[in-house]
Amino acid sequence: MADNRSRSTATESHHDVTRLNDENLLAMYRQMILCRTLDERIWMLNRQGKAAIVASAQGHEAAQIGSAWALRKGTDQFYIYYRDLATLLVLGMTPAEIMAGFLAKEGEPLSGARQFPTHGAYPEYGIINLSNVVAT
Numbered sequence: 008m009a010d011n012r013s014r015s016t017a018t019e020s021h022h023d024v025t026r027l028n029d030e031n032l033l034a035m036y037r038q039m040i041l042c043r044t045l046d047e048r049i050w051m052l053n054r055q056g057k058a059a060i061v062a063s064a065q066g067h068e069a070a071q072i073g074s075a076w077a078l079r080k081g082t083d084q085f086y087i088y089y090r091d092l093a094t095l096l097v098l099g100m101t102p103a104e105i106m107a108g109f110l111a112k113e114g115e116p117l118s119g120a121r122q123f124p125t126h127g128a129y130p131e132y133g134i135i136n137l138s139n140v141v142a143t
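Numbering of the sequence shown is given in this note's numbering, commencing with residue 8 and proceeding in unit increments.
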């Protein structure tokens with residue numbers, strides 16, 4: 008039987024290796040909680056018939072926040088996809104702006120609420136528009 012135990016002898020914690028301090032980690036955790044809360048609220052509005060289209064980001068929060076956190080705001084360009092709710096929050100979009108998209112309301116900065124929610128371009132944050140691929 009194979010021995011799958013870690014053989015690492017490093018004494019440093021995982022976040023020491025990534026150069027993230029406790030403040031960064033706490034901010035990332037808060038973003039994950041905000042994303043999940045916003046996602047659940049959007050689902051509730053969908054079930055009430057107030058938000059027509061929902062693409063959940065549940066289960067994607069940590070990966071999205073970690074990858075967006077590593078990029079350089081103001082320099083890097085972002086190609087988001089329809090479940091990138093957490094990425095949008097890290098980039099600086101507010102919950103109100105995101106909610107405006109799901110409710111097709113004025114003030115949604117990505118597309119003016121004319122496209123699928125979380126689609127569109129936001130040059131101030133380096134977000135580039137991407138087509139929504141639909142499988143058959």
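All C-beta atoms in this analysis are idealised placements derived from N, C-alpha and C, irrespective of residue type, glycine included.
Item	Value
Span of the alpha helix (DSSP H), counted from its first residue to its last, around M35	D29 to R54
Y86 in three-state terms, based on DSSP	strand
Close beta carbons around Y129, own chain, < 6 Å, minus the five adjacent residues each side	P116 and L117
Collapsed DSSP secondary structure at A134 in the structure displayed	Going by the sequence as given, residue 134 is Ile instead of Ala. The answer is strand: DSSP assigns I134 an E or B state.
Residue interval of the alpha helix (DSSP H) (run including I60)	First-last for I60: undefined, no H or E at that position.
Other residues of its chain near G47: CB distance less than 7 Å, five sequence neighbours each side excluded	Per the sequence presented here, residue 47 reads as Glu, with Gly not at that position. Cβ within range, chain order: n/a, list empty.
Residue from A58, D29, K80 and A75 with nearest C-alpha to A93	A75
Three CB pairs or more closer than 8 Å across the stretch 80-97 and the stretch 63-71	yes
Assumed close pair Y86, L137 - CB separation to whole angstroms, cut-off 8 Å	5 Å
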